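K.L.:
Provided herewith is a single structure, encoded as structure tokens, for subsequent inquiry.
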Amino acid sequence: MIKITGTLINYYFHCKTQCWLSANRLNLEDNSEDVRIGRVLHEINEEKSKHAEIALGNVKIDKITDEYVIEFKKSDSDPKAAKWQLLLELYTLKQKGIEKKGRLEYAEKNRQAKTEIIVLDDKHEAELLKIFEEITALVEDKTPPKPIFKSKCKRCAYYEYCFI
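In structure tokens:
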């Protein structure tokens with residue numbers, strides 16, 4: 004069975020081709036400026052925090068407090084993907100007997116930072132289990148889905164693979 008990580012959930016919502024490629028170990032992100040910026044932001048937030056990133060099973064939690072699991076994002080360009088990544092983290096903790104609320108924190112450049120509160124309820128949990136099945140079926144397919152060009156593709160680490 005495939006290990007569904009926060010990154011894989013994020014890619015699933017962002018781009019099915021990217022999800023398949025990453026799950027099948029075709030990693031082109033080491034050359035991506037956006038990925039480097041995201042990693043630096045995570046490191047900065049980790050240094051500021053008493054509670055550094057925590058690896059728990061298939062997920063990495065950016066920060067945890069008494070009340071919240073906090074996920075840091077450099078922008079709100081894909082809030083649905085970020086939301087489901089955080090819901091996976093909340094679900095993973097719940098499986099260990101720890102129930103928390105989630106907080107998405109977007110570090111917007113040239114704008115005021117944004118925060119969104121996320122709660123794992125029964126409806127989200129059922130939908131998350133369905134998403135697990137969909138991701139598993141997607142990545143177990145022999146070939147990646149055909150890429151669908153969108154304007155955001157130009158900034159993707161997989162752009163050359165998909166379109167050149």
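For the sequence shown, our numbering gives the first residue as 4, with consecutive numbering after it. We put the beta carbon where it would ideally sit given N, CA and C, even for glycine. This structure is a prediction, so every number in the text was calculated from the model and none was measured.
Quick check: what's the CA-CA separation for Y161 versus D79?
P.N.:
Those two C-alpha atoms are separated by around 20 Å.
K.L.:
Let me confirm a value: S25 is counted as buried when at least 16 other C-beta atoms fall within 10 Å, else exposed. Which label applies?
P.N.:
Buried.
K.L.:
Using only CA atoms, which one of I7, Q21 and L11 lies nearest to K155?
P.N.:
Out of I7, Q21 and L11, Q21 has the C-alpha closest to the C-alpha of K155.
K.L.:
Output needed for D81: all residues of its chain with C-beta closer than 6 Å, excluding positions within five of it in sequence on either side, in chain order.
P.N.:
If we look at D81 and ignore the five residues flanking it on each side, its Cβ neighbours are H17.
K.L.:
Could you check the C-alpha separation between K149 and L59 for me, to the nearest Å?
P.N.:
Whole-angstrom Cα-Cα distance: 33 Å.
K.L.:
Buried or exposed for K145, please, with buried defined as at least 16 other CB atoms from any protein chain shown within 10 angstroms of its CB.
P.N.:
It counts as exposed.
K.L.:
If you run the structure through DSSP and keep just helix, strand and coil, what is L93?
P.N.:
Note: L93 maps to helix in three-state DSSP.
K.L.:
Where do the N-terminal and C-terminal ends of the beta strand (DSSP E) with T118 fall, by residue?
P.N.:
From DSSP, the beta strand (DSSP E) with T118 extends over K117 to I121.
K.L.:
Taking the C-alpha atoms as reference points, what is the distance between V62 and P147?
P.N.:
Cα to Cα, V62 sits roughly 24 Å from P147.
K.L.:
Return helix, strand or coil for A58, following the three-state DSSP convention.
P.N.:
Of the three classes helix, strand and coil, the one that applies to A58 here is strand, per DSSP.
K.L.:
Taking all protein chains shown into account, do 16 or more other C-beta atoms lie within 10 angstroms of the C-beta of E74, making it buried, or fewer, making it exposed?
P.N.:
Counting Cβ neighbours within 10 Å, E74 comes out buried, since at least 16 surround it.
K.L.:
Over the uninterrupted alpha helix (DSSP H) stretch that includes G9, give me the two end residues.
P.N.:
It spans G9 to H17 - the alpha helix (DSSP H) in which G9 sits, taken as one unbroken run.
K.L.:
State the Cα-Cα distance for the pair Y14 and W23, rounded to the nearest angstrom.
P.N.:
For Y14 and W23, the distance between alpha carbons rounds to 9 Å.
K.L.:
Please state the DSSP three-state secondary structure of R158.
P.N.:
Helix, per DSSP.
K.L.:
Tell me, please, whether the region 83 to 93 touches the region 131 to 145 by the rule of three or more beta-carbon pairs shorter than 8 Å.
P.N.:
Verdict: yes, contact present.
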